[in-house]
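The block underneath contains the structure these notes are about, expressed in structure tokens.
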Amino acid sequence: MANQYDKNVNSDYADAFATFDRQRSGRIDFESLKILMSSLGHPVADHEIKGLVQPSNNPNVPAGIDFPSFVQLISAKEKGSDNTRKGVEEAFRAFDRGNRGFLSESEFRHIMTKMGEKMSNEEVDEMLREAGVAPGSDLDYMAFTSILFG
209 MANQYDKNVN SDYADAFATF DRQRSGRIDF ESLKILMSSL GHPVADHEIK
259 GLVQPSNNPN VPAGIDFPSF VQLISAKEKG SDNTRKGVEE AFRAFDRGNR
309 GFLSESEFRH IMTKMGEKMS NEEVDEMLRE AGVAPGSDLD YMAFTSILFG
């Protein structure tokens, strides 16, 4: 079962990769890689991928990243995303005193403005607005993390 899943996932990745491999060289360039990663829900910073995009020994083949390296990159990003999502869910759960699956707006605001990478009240307001949370209402943190991480 896992092998079939892996084949389907690799097939999806191969299709996406091929879309950006316009020269059919088996490689995609730096900018195409950034766009592809973003389109797959895993935006990357320049410094994350700079070392992955290698020059080619063949003058007719552009510098870029090949498909196996791309699969390794996307797999690492997805694994990291899963770990980050679980960490966020666990952090919210720790503040959910009644184990209801909800946090009050004030509890959420406290977490976001006082802990970790502190946000401003305006940033929290914008985040709640974008997530469709009405002012003064409770936040379903599992649904919220689904919105954050897709």
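One gets the working numbering by counting positions in the sequence shown from 1 and adding 208 to each.
Here a beta-carbon is modelled for each residue, glycine too, at the ideal position from N, C-alpha and C.
All values derive from a computational prediction rather than experimental measurement.
Return the chain-ordered list of same chain residues with a C-beta closer than 8 Å to the C-beta of residue 313, the five sequence neighbours on each side being excluded.
336, 341, 343, 344, 345, 346 and 347
With the cut-off set at 8 Å, would you say residue 319 and residue 339 are in Cβ contact?
no
Does residue 352 have its Cβ less than 8 Å from a Cβ in chain D?
Here chain D cannot be found, since the structure has a single protein chain.
Quick one: what's got a C-beta closer than 7 Å to residue 316's C-beta in the same chain, skipping five residues either side?
347
Between the alpha carbons of residue 278 and residue 267, how many angstroms are there, rounded?
21 Å
Taking its Cβ as the centre, do 16 or more other Cβ atoms sit within 10 Å of residue 306, making it buried, or is it exposed?
exposed
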